[in-house]
Structure formats: C-alpha cells, structure tokens
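A.B. asks: Pasting a structure here, questions to come.
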Amino acid sequence: MRKEVIGNTTLYLGDCLEILPTLPKVDAVITDPPYGINADRLAHEASATAQKQLERGSAGNKGGRGWKSYGFSEWDKERPQKACFDALLLAADAAIVWGGNYFTDYLPPTMQWLVWDKGQRNFSLADCEFAWSSQRKAARIFDYPRSAALQDGKEHPTQKPIALMKWCIDLLDNPQTILDPFMGSGTTGVACMNLGRKFIGIEIEPKYFDIACQRIENAQRQERLFA
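Written out as structure tokens, the structure is:
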C-alpha cells in the first residue's frame with residue numbers, strides 16, 4: 003500500500019476492500035466503481051478502428067472521432083465484490099454511487115436516483131448515466147454536455163466531469179469529509195479541493211493513482227494561486 007497526502011486530501015494506492023476497514027467514518031461517499039463492462043477494451047478497440055478509418059480516409063471516421071485509447075489493463079473486466087459495497091455503505095451515512103444501475107443486486111432500494119443527461123442523442127455511448135443515492139429525497143437530473151466534460155482533460159475512459167461531482171457534493175447535507183474508494187483519475191478529489199472539502203481516495207491501478215495525485219496537486223496549486 004502507498005499513501006500520499008496532498009493538502010487536505012489523503013490518497014491510498016491499494017485495494018479498497020483492505021483499506022476501507024482501517025479508515026474512520028466520513029460524512030459522505032461519492033464514487034464511480036468499475037461496471038464490469040470492459041470499458042477500457044471498448045475504448046481501445048474504438049480508438050484503433052477510428053485510427054484505421056482515418057488512415058484510409060474513410061468517411062466512416064466521422065462516427066469514430068473523439069475516441070482515445072487509454073491503454074488496456076482489464077481494470078473493468080469484472081464488477082467489484084459485494085463486500086466492497088457493504089464496506090462503503092458502512093463508511094458514511096450518505097452515499098452516491100455512479101453506475102448504480104449495474105449494482106442493483108448489491109444496493110438497497112432507494113427513493114433518489116440521480117441522472118447525468120449528456121445533452122447528446124444517438125451517440126455511440128449512453129445518452130445519460132445513473133447514480134444510486136442513499137438520500138430519501140426526490141430524483142434529480144444534471145444537464146451537462148459531453149463537450150463541456152471533455153474540457154476537464156480526459157485521462158480515464160469513464161471519467162466523470164468535475165462539475166458533476168461538485169453537483170453531487172452540493173446535493174448532500176454539507177459534507178466536510180468525502181471518500182471515494184474507486185478514485186480512478188481523481189475527479190471527486192479535484193471537486194473536493196475546489197470546494198475546500200477534505201478528501202480520502204483509494205485507487206488500485208498505479209497508473210490512475212499517479213494521474214489522480216497529479217490532478218489533485220494541480221487543483222491545490224490553483225486554489226493557492228487564487229487564494
């Protein structure tokens with residue numbers, strides 16, 4: 003296990019199932035686990051196809067533009083174990099889990115579902131994404147176009163927009179310490195840094211852990227500059 007402290011964030015490289023029981027309880031969990039849909043393979047194959055079309059000068063490349071290969075490490079080959087979800091629900095009283103529709107057999111029934119509407123229809127990817135929320139409140143929709151999300155600088159095939167994670171934080175009851183046990187490229191941590199919240203992140207893939215550290219450090223540097 004590797005541990006990095008950057009400002010008011012603490013980041014762990016390791017398996018969340020092993021690390022979660024060692025952590026104190028936090029105010030909220032906001033996370034986006036692997037869905038088990040081979041997202042890294044799909045992005046890699048789509049990028050390779052688009053590149054071949056570009057080399058051939060094929061008009062079909064129009065549908066493949068924007069695809070980027072992030073390498074292929076099979077991080078999304080399987081869903082996390084149910085024990086991971088049991089542990090994250092014990093870690094805080096409030097939780098938001100993106101991709102909740104992939105984990106309905108792991109998570110209890112809920113009143114509130116969150117929707118990210120990407121503002122684009124009939125694209126090769128989903129028009130929207132769903133998050134399970136522990137709150138007994140009305141369902142909510144966040145309208146935010148994919149084109150705006152790409153301005154964050156996409157480092158991960160399933161990276162969520164910073165604005166989306168800020169919205170999630172604002173929906174909760176003013177959480178001061180937020181945990182993401184599937185940190186990925188660190189978007190939740192960047193959102194927390196921008197809002198002045200404490201953040202604890204866990205990531206099992208060294209490549210994305212290093213990217214998360216860099217993004218959160220850059221966010222902290224910008225925060226100091228504006229301060």
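Quick note, the sequence shown lines up with residues 3 to 229 if you use my numbering.
Note that beta-carbon positions come from the ideal geometry of N, C-alpha and C, so glycine has one too.
Fair warning: this is a prediction, and the values are worked out from it, not measured in the lab.
Could you tell me how far apart the beta carbons of A97 and L90 are, in whole angstroms, since I believe they sit closer than 8 Å?
C.D. replies: With 8 Å as the limit, A97 and L90 qualify as a contact, their Cβ atoms being about 7 Å apart.
A.B. asks: Any heavy atom of the ligand HEM closer than 7 Å to the Cβ of L197?
C.D. replies: With respect to small molecules bound, the structure shown includes none, and the ligand HEM cannot be examined in it.
A.B. asks: Can you tell me the Cβ-Cβ gap for P36 and F184, rounded? I've got them flagged as a contact below 8 Å.
C.D. replies: Indeed they touch by this definition, with Cβ atoms about 7 Å apart.
A.B. asks: Can you have a look at P23 and say buried or exposed, based on whether 16 or more other CB atoms are within 10 angstroms of its CB?
C.D. replies: Per the 10 Å Cβ criterion, exposed.
A.B. asks: Less than 8 Å separating the beta-carbons of A133 and L116?
C.D. replies: It is a contact, given that the beta carbons lie within the stated cut-off.
A.B. asks: Roughly how many angstroms separate the alpha carbons of G155 and D29, rounded to a whole number?
C.D. replies: Answer to the nearest angstrom: the Cα atoms are 28 Å apart.
A.B. asks: Can you list, in chain order, the stretches of the beta strand (DSSP E) that have 3 or more residues and sit fully within the stretch 103-142?
C.D. replies: Counting whole runs of 3 or more residues, the stretch 103-142 contains the beta strand (DSSP E) stretches 115-119 and 130-135.
A.B. asks: Looking at K168 and W100, is the spacing between their C-beta atoms short of 8 Å?
C.D. replies: Not in contact: W100 and K168 (Cβ atoms no closer than 8 Å).
A.B. asks: Please tell me whether L13 and A214 are closer than 8 Å, where the distance is taken between their beta carbons.
C.D. replies: Yes, the pair counts as a contact, with Cβ atoms nearer than the cut-off.
A.B. asks: Measure from the C-beta of K27 to each C-beta in chain D and report whether the shortest distance is under 8 Å.
C.D. replies: Among the protein chains of the structure shown there is no chain D, as only one such chain exists.
A.B. asks: Any idea what DSSP makes of E219, helix, strand or coil?
C.D. replies: Looking at E219 - three-state DSSP - the assignment turns out to be helix.
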